[in-house]
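Colleague: Throughout the sequence shown, residue numbering follows the numbering used here, covering 18 to 211 in sequence.
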Amino acid sequence: MYQFMDRVARLFAILGGIILSILIVQTCLSILGRSISSILHSDFMQTNLPGLASSLLSTGVGSINGAFELVEAGMAFVIFAFLPLCQLKGAHASVDIFTSQLPARANVLLRTVIEVIFALVIVLIAYELSQGMLSKLRTGQTTFILEFPVWWPYALSLIAAVASAIVAVYVACMRVIEMATGQTLLPLDLEAEH
18 MYQFMDRVAR
28 LFAILGGIIL
38 SILIVQTCLS
48 ILGRSISSIL
58 HSDFMQTNLP
68 GLASSLLSTG
78 VGSINGAFEL
88 VEAGMAFVIF
98 AFLPLCQLKG
108 AHASVDIFTS
118 QLPARANVLL
128 RTVIEVIFAL
138 VIVLIAYELS
148 QGMLSKLRTG
158 QTTFILEFPV
168 WWPYALSLIA
178 AVASAIVAVY
188 VACMRVIEMA
198 TGQTLLPLDL
208 EAEH
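#1: Return the CA-CA distance between His211 and Asn124, expressed in angstroms with no decimal places.
#2: From which residue to which residue does the alpha helix (DSSP H) around Met18 run?
#3: Could you tell me whether the Cβ atoms of Glu86 and Leu163 are closer together than 8 Å?
#4: Considering only DSSP beta bridges, list what Pro204 is partnered with.
#5: Looking at the structure shown, is Thr235 part of a helix, part of a strand, or coil, going by DSSP?
#6: Are Pro170 and Ala90 touching if we call contact CB-CB under 8 Å?
#7: From the DSSP output, read off the bridge partner residues of Pro166.
#8: Taking the beta carbon of Arg192 as the centre, do at least 16 other beta carbons fall within 10 Å, making it buried, or is it exposed?
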């Protein structure tokens, strides 16, 4: 079961990384286009090289239309896409300034409680996201500039949120079993140290 969850988590992390990379490139191109457009519209270019400025501007150089809508739509998916791997590997940041002094059994109990609460919260978020998606689907709401249906990014985010919820519930169940049996079933040592 762990191998299956690991494959699912890695797949979503890869998809999240691809989408994040695309969003980064798109943002850089949009900023570059806007900067070039500003230079071409400058008094210097319009006065000294009006023909060149006009011909380059006629190519449509400028910021990418609706770039922020695409970033807004993609980032929710990206965040949810990275959650399963972070959850499965125990790689969330933690500050153990107080817990490092606790006995091992207390840390196991604390980790289990945190994992169960996290699973419940992620399940609730996925449920609320599904309700939001259905609401956007019913109303037919679209984005202002690109006019694509708002429910599309909600649906993509929901897929990643459901994967996150499944992994979180799995991890919570495994932590409960670990606490009950005293065995270590999932990685513990990948947490960021501060």
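Backbone N, C-alpha and C fix where the C-beta goes; we use that ideal spot for every residue, glycine too.
Modeller: Once the coordinates are examined:
#1: Mapped onto the sequence shown, residue 211 falls at position 194. Mapped onto the sequence shown, residue 124 falls at position 107. Reliability fails at His211, whose pLDDT of 44 lies under 50, so the model's placement of it is uncertain and the value that follows must be treated cautiously. Straight-line measurement puts the Cα of Asn124 at about 17 Å from the Cα of His211.
#2: Within the sequence shown, the letter at position 1 stands for residue 18. Segment: none, Met18 is in no alpha helix (DSSP H) and carries neither H nor E.
#3: In the sequence shown, counting from the first residue as 1, residue 86 sits at position 69. In the sequence shown, counting from the first residue as 1, residue 163 sits at position 146. Yes, Cβ-Cβ distance for Glu86 and Leu163 is below 8 Å.
#4: Position 187 of the sequence shown, counted from the start, is the residue given in the question as residue 204. In the DSSP secondary-structure assignment, Pro204 is not bridged to any residue.
#5: Residue numbering for the chain in the displayed model covers 18 to 211; residue 235 lies beyond these limits and cannot be assessed.
#6: Here residue 170 corresponds to residue number 153 of the sequence shown, with the count starting at 1. Here residue 90 corresponds to residue number 73 of the sequence shown, with the count starting at 1. Yes. Within cutoff.
#7: Translated into the one-based positions of the sequence shown, residue 166 becomes position 149. Beta-bridge pairing links Pro166 to Thr159.
#8: The count along the sequence shown starts at 1 and reaches residue 192 at position 175. Arg192 is buried by the Cβ-count criterion.
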